[in-house]
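*Asks:* Under numbering that gives the first Met the number 0, residues 0 to 198 are what the sequence shown spells out, in order. Built from N, CA and C at the ideal position, the CB exists for glycine as well. A quick note: this is a predicted structure, and the numbers were derived from the prediction, not measured. Below you'll find the structure I mean.
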Amino acid sequence: MKPNYTVADMEDQWERMRGGDTHALLVLYEYNYSDLLSYGVQLSNSTDTAKDAINDVFLHLWEQHVKLKPVKNVKAYLFACIRRKIFHPVYTDKKLWLIEEAVYESTETSYEEVLIAMQQSEETRKKVQAALEKLTARQKELIHLKYFKNMDYREIELVTGISVKTAYNTIYNAVRSLAEELRGALLIIFIFFLFFISR
């Protein structure tokens with residue numbers, strides 16, 4: 000069973016890693032791997048690309064561990080690292096953001112899979128899938144961060160580099176688009192779903 004580390008626990012492991020503790024590096028890697036992988040796949044649409052990005056990030060962190068600064072939210076920091084590694088492969092960690100707010104544990108399953116799993120009929124699954132496929136890659140990414148990683152808009156800004164206003168508008172438009180597609184019972188299910196995963 001995956002241990003339930005707190006934000007403070009992760010910060011402690013980060014400090015140990017900065018001090019040269021290889022076990023702490025392994026803890027950070029193993030504990031965050033599944034979340035980073037799901038996010039990386041969401042961004043790149045490639046499991047191999049996501050895995051390579053994760054390995055590159057942790058290799059670089061270890062190589063530069065004596066130069067790293069304290070981080071108060073390791074998970075959000077790593078999310079930002081993975082995003083930049085995928086979109087800007089030559090980017091180094093010299094200017095990585097320090098993110099202050101807490102990011103809570105959440106499911107590793109994509110919201111597409113959860114929504115589809117809630118439906119029983121093939122026809123309904125097709126309708127849900129068709130609605131989700133109409134979202135842009137950016138809309139999918141922001142919904143993933145907002146509702147599955149429980150990030151607030153400020154954290155999303157720090158991870159993605161887009162403004163709070165843009166993030167809000169993008170998510171709003173995505174939900175509105177889904178609402179237009181998923182009418183009636185499907186819309187009720189979708190609202191129910193968003194309400195509970197955001198608690």
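Taking buried to mean at least 16 other C-beta atoms within 10 Å of its own C-beta, is Val65 buried or exposed?
*Replies:* Counting Cβ neighbours within 10 Å, Val65 comes out exposed, since fewer than 16 surround it.
*Asks:* In whole angstroms, what separates the C-alpha of Trp61 from that of Met16?
*Replies:* If you take the alpha carbons of Trp61 and Met16, they lie about 8 angstroms apart.
*Asks:* Within a Cβ cutoff of 7 angstroms, which residues of the same chain sit near Gly156, ignoring the five residues on either side of it in sequence?
*Replies:* First, the residue type needs correcting, since residue 156 is Glu and not Gly in the sequence shown. Same-chain partners within the cutoff: Ser162, Val163 and Ala166.
*Asks:* Using 10 angstroms around the beta-carbon of Gly39, count the other beta-carbons present and answer buried if the total reaches 16, otherwise exposed.
*Replies:* Gly39 comes out buried.
*Asks:* Please tell me whether His143 and Gln41 are closer than 7 angstroms, where the distance is taken between their beta carbons.
*Replies:* Yes; because the gap between Cβ atoms is below 7 angstroms, this pair is in contact.
*Asks:* Please say whether Leu36 and Ala52 have beta carbons closer to each other than 7 angstroms?
*Replies:* No; because the gap between Cβ atoms is not below 7 angstroms, this pair is not in contact.
*Asks:* Tell me whether the beta-carbon of Val158 lies closer than 7 angstroms to the beta-carbon of Phe86.
*Replies:* For Val158 and Phe86, no; Cβs fall outside 7 angstroms.
*Asks:* Indicate the three-state DSSP secondary structure (helix, strand or coil) for His143 in the structure shown.
*Replies:* DSSP places His143 in helix when its eight states are reduced to three.
*Asks:* Excluding five sequence neighbours on each side, which residues of the same chain lie with their C-beta closer than 6 angstroms to the C-beta of Leu134?
*Replies:* Closer than 6 angstroms at Cβ, skipping near neighbours: Ala173.
*Asks:* Flag Ser162 as yes if its beta-carbon sits less than 7 angstroms from any beta-carbon of chain C, otherwise no.
*Replies:* Although the question refers to chain C, the structure presented lacks it and comprises just one protein chain.
*Asks:* Helix, strand or coil for Tyr4, going by three-state DSSP, please let me know.
*Replies:* The answer is coil: DSSP assigns Tyr4 none of H, G, I, E or B.
*Asks:* In whole angstroms, what separates the C-alpha of Asp92 from that of Asp151?
*Replies:* Low confidence applies to Asp92: its pLDDT is 37, below 50, so where it sits in the model is not reliable, and the reading given next is rough at best. Rounded to the nearest angstrom, the two C-alpha atoms are 23 angstroms apart.
*Asks:* Quick one: what does DSSP say Met16 is sitting in, helix, strand or coil?
*Replies:* The answer is helix: DSSP assigns Met16 an H, G or I state.
*Asks:* Alpha carbon to alpha carbon, how far is Ser69 from Met9?
*Replies:* Inspection of the sequence shows that residue 69 is occupied by Pro rather than by Ser. For Pro69 and Met9, the distance between alpha carbons rounds to 11 angstroms.
*Asks:* Which value, in whole angstroms, describes the spacing of the CA atoms of Lys139 and Asp34?
*Replies:* Near 16 angstroms, if we compare the C-alpha coordinates of Asp34 and Lys139.
*Asks:* Nearest to Asn44 by alpha carbon, out of Leu177, Ala136 and Glu180?
*Replies:* When only C-alpha atoms are compared, the closest one is Ala136.
*Asks:* Locate the alpha helix (DSSP H) running through Leu24, then write down its first and last residues.
*Replies:* Taken as a continuous stretch (DSSP letters only), the alpha helix (DSSP H) holding Leu24 covers Thr21 to Ser43.
*Asks:* Taking its Cβ as the centre, do 16 or more other Cβ atoms sit within 10 Å of Lys74, making it buried, or is it exposed?
*Replies:* The residue is buried, with at least 16 neighbouring Cβ atoms inside 10 Å.
*Asks:* Are there any heavy atoms of the ligand ZN lying less than 6 angstroms away from the beta-carbon of Val73, as far as the coordinates show?
*Replies:* As for the ligand ZN, it is missing from this structure, which has no ligand bound.
*Asks:* Give me the Cα-Cα distance between Thr108 and Tyr146, rounded to the nearest whole angstrom.
*Replies:* Residue placement at Thr108 is poorly supported in this model, since its pLDDT is 40, which falls under 50; the coordinates are not used for a value here.
*Asks:* Since Ala129 and Leu177 are thought to touch, with beta carbons under 8 angstroms apart, how far apart are those beta carbons, to the nearest angstrom?
*Replies:* Not quite, the Cβ-Cβ distance comes to about 11 angstroms (not below 8 angstroms), so this is no contact.
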